[in-house]
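Numbering (the working numbering), first residue to last: 16 to 154. Ideal Cβ placement from N, Cα and C applies to all residues, glycine included.
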């Protein structure tokens, strides 16, 4: 079922039911956003133990959730059902995009750090140690 059909069905319902449905959708979306926040923060804490990245990600996602909740409450007060639904869809898309971008950035940072560490360790073993042992043998 498409979004437009769903919106039309909701608009066919009597007035009180429309608001109940919008409130349920809003609550579900906000709960999902909080779950996304928790999952992202937990994953990043597990993957990267760099406090700065975790704090930044947490702040970004919290800001998105707070802004989404504020916009939704404002729209509910104004009783604009279609706008509320459209904004909710947009907010969910924005949250998902932000989360994906943040996760990708963190993964890239982790990969770069791992590669640098591996290169340093390999170079140290392959180049520096033989030079040191050769120097010691000469002495």
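Inset, instruction - Measure the alpha-carbon distance for residue 118 versus residue 24 and round it to whole angstroms. - result: Our two residues, residue 118 and residue 24, have alpha carbons roughly 37 Å apart in a direct line.
Legend entry - Under the three-state DSSP convention, the category residue 29 falls into: Coil.
Legend entry - 8 Å CB neighbourhood of residue 139 in its chain, flanking five on each side removed: Contacts found: none.
Inset, instruction - Evaluate residue 108 with the Cβ neighbour count: other Cβ atoms within 10 Å of its Cβ, from every protein chain shown; 16 or more gives buried, anything less gives exposed. - result: Taking a 10 Å sphere around the C-beta of residue 108, we find fewer than 16 other C-beta atoms and assign the residue as exposed.
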